[in-house]
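Residue 83 is where the sequence shown starts when you use my numbering, and the numbers rise one by one after that.
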Amino acid sequence: MVSTVAWSDEHIPDQHGRTVVVTGGNGGIGAEAAQVLADKGADLVLAVRDVAKGEKVAAALPGPVRVLPLDLADLSSVRAFAARFADEVGQAHVLVNNAGVMAVPQATTKDGFELHLGTNFLGPFALTGLLLPHLTERVVTLSSVVHRRGHIDLDDLNWERRRYARWGAYAQSKLADLLFARELQRRLAASGSPLLSLAAHPGVASTELTRHTGSRMRDAMLSLTSRVTGHSAAMGALPLLYAACSPDVAPGAYYGPTGPGEVRGYPGIAGSSTAAQDKAMAKQLWTRAEELTGVRYP
Ligand SMILES: NC(=O)c1ccc[n+]([C@@H]2O[C@H](COP(=O)([O-])OP(=O)(O)OC[C@H]3O[C@@H](n4cnc5c(N)ncnc54)[C@H](OP(=O)(O)O)[C@@H]3O)[C@@H](O)[C@H]2O)c1
């Protein structure tokens with residue numbers, strides 16, 4: 083159960099001896115989480131596509147931090163990251179699937195997937211599968227309140243036959259993340275694995291997520307809206323930190339801010355749409371993700 087006390091980073095137990103991989107750990111919520119985890123003594127692996135930016139963040143953190151290149155929009159980079167991780171790091175307690183993009187103009191990844199789907203869901207799906215033999219405790223995947231607007235079109239996951247809608251594409255990818263986190267928990271349990279799969283969302287947090295729309299004006303409006311309605315990146319990182327560190331998590335649970343509309347506030351259990359609880363869809367989506375990425379697990 084989540085405590086009714088406002089849970090913040092001061093409740094995080096000592097993290098010495100734990101290794102945590104944070105994708106997108108070089109900015110926004112990922113960098114905030116990395117700072118807190120490092121302060122608490124965790125060894126960190128920042129999995130980033132901009133290594134120079136990652137090194138800059140790492141230099142300011144206490145303790146051992148490794149920065150490894152990872153572009154989630156390129157499955158060959160995901161495979162290369164997993165191979166390097168196995169060679170150079172070996173094992174981690176927690177993988178945090180944090181990196182993502184939002185409201186981008188229509189574009190595809192190196193492998194031809196719609197950019198939101200590829201970066202936010204298929205890349206993390208493949209990464210999780212490839213790292214699974216090297217993980218010992220938890221996988222945390224970031225979703226969003228926007229998942230509620232999402233609809234999974236299994237016949238057109240990549241927006242090739244539908245008229246492209248940037249928010250629809252983002253929402254589909256974040257719904258896919260939540261379905262994935264829950265299906266992963268069911269599959270881990272069925273296979274007798276002690277690993278936990280959890281999901282989290284930051285509410286609305288002031289980060290650089292608003293920089294991708296392709297229009298400066300639109301980016302600025304989005305950024306202003308998130309600053310006015312939302313909370314800081316540090317507050318936005320709390321639900322993922324809760325999922326990654328709290329001893330009280332429930333298998334397959336979804337955490338987010340507990341204020342009105344789950345936009346801001348301290349973390350607790352988050353609500354989800356009916357579509358996010360559709361086990362049959364989660365199964366079908368898993369099969370499609372295996373087919374599209376070529377990564378099959380657990
Ligand atoms: N902020 C919010 O209000 C909000 C709300 C709901 C959900 N979320 C979720 O929270 C997560 C973190 O977002 P944020 O707000 O912290 O945004 P952010 O400040 O833009 O940070 C996103 C991170 O993801 C990385 N990234 C993007 N594409 C990548 C790729 N192809 N490969 C590897 N890394 C990539 C970025 O790296 P670069 O620096 O190289 O671009 C950056 O480090 C996302 O999953 C987002 O959907 C955020």
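Even for Gly, the Cβ is constructed at its ideal location relative to N, Cα and C.
Residue i - DSSP class collapsed to helix/strand/coil
i, result
"Pro151", "strand"
"Asn179", "strand"
"Ser85", "Note that Ser85 has pLDDT 44, beneath the 50 cutoff, so the model's placement of it is unreliable and no number is given."
"Asp125", "strand"
"Glu196", "strand"
"Val102", "strand"
"Leu217", "strand"
"Val171", "coil"
"Val377", "coil"
"Val130", "strand"
"Thr191", "coil"
"Ala271", "helix"
"Leu143", "coil"
"Trp368", "helix"
"Leu236", "coil"
Beta carbon of residue i nearer than 7 angstroms to that of residue j
i, j, result
"Glu344", "Gly285", "yes"
"Leu204", "Val103", "no"
"Arg128", "Gly136", "For the record, residue 128 in the displayed sequence is Leu; it is not Arg. Taking 7 angstroms as the Cβ cut-off, Leu128 and Gly136 qualify as a contacting pair."
"Thr356", "Gly347", "no"
"Ala287", "Ala315", "yes"
"Tyr336", "Ala281", "yes"
"Ala155", "Gly110", "no"
"Gly123", "His93", "no"
"Leu126", "Val147", "yes"
"Phe207", "Ala371", "yes"
"Ala358", "Leu257", "yes"
"His175", "Arg269", "no"
"Ala263", "Ser279", "yes"
"Glu265", "Ala364", "yes"
"Arg231", "Ala253", "yes"
"Gln267", "Pro333", "yes"
"Leu217", "Leu157", "no"
"Asn179", "Thr289", "no"
"Thr115", "Leu304", "Per the sequence shown, the amino acid found at residue 115 is Ala instead of Thr. Not in contact: Ala115 and Leu304 (Cβ atoms no closer than 7 angstroms)."
Buried versus exposed, by CB contacts within 10 Å (16 or more), residue i
i, result
"Gly318", "buried"
"Val130", "buried"
"His283", "buried"
"Ser354", "buried"
"Glu170", "exposed"
"Leu367", "buried"
"Asp259", "buried"
"Asp238", "exposed"
"Glu196", "buried"
"Leu306", "exposed"
"Asp330", "exposed"
"Thr86", "For Thr86, the predicted structure reports a pLDDT of 46, less than 50, and the residue's modelled location is therefore unreliable. The matter cannot be settled from this model."
Those residues which DSSP pairs with residue i across a bridge
i, result
"Ile94", "Answer is none; Ile94 lacks a bridge partner."
"Gly338", "Gly350"
"His294", "The partner list for His294 (beta bridge, DSSP) is empty, contrary to what the question assumes."
"Thr201", "Bridge partners of Thr201: none, in fact."
"Ala281", "Thr223, Tyr336"
"His313", "Ala287"
Residue i CB to nearest heavy atom of ligand 2 below 6 angstroms
i, result
"Asp132", "No copy of ligand 2 appears in this structure; the ligands present are ligand 1."
Residue-level contact to chain D via CB, residue i, 7 angstroms cutoff
i, result
"Arg378", "Absent from the structure is chain D; it holds one protein chain and no more."
Q: Taking 8 angstroms as the threshold, find out whether the region 301-312 comes into contact with the region 162-170 through three or more Cβ pairs.
A: Cβ pair count under 8 angstroms is below three, so no.
Q | Three CB pairs or more closer than 8 angstroms across the region 295-310 and the region 181-190 | A | The region 295-310 is in contact with the region 181-190.
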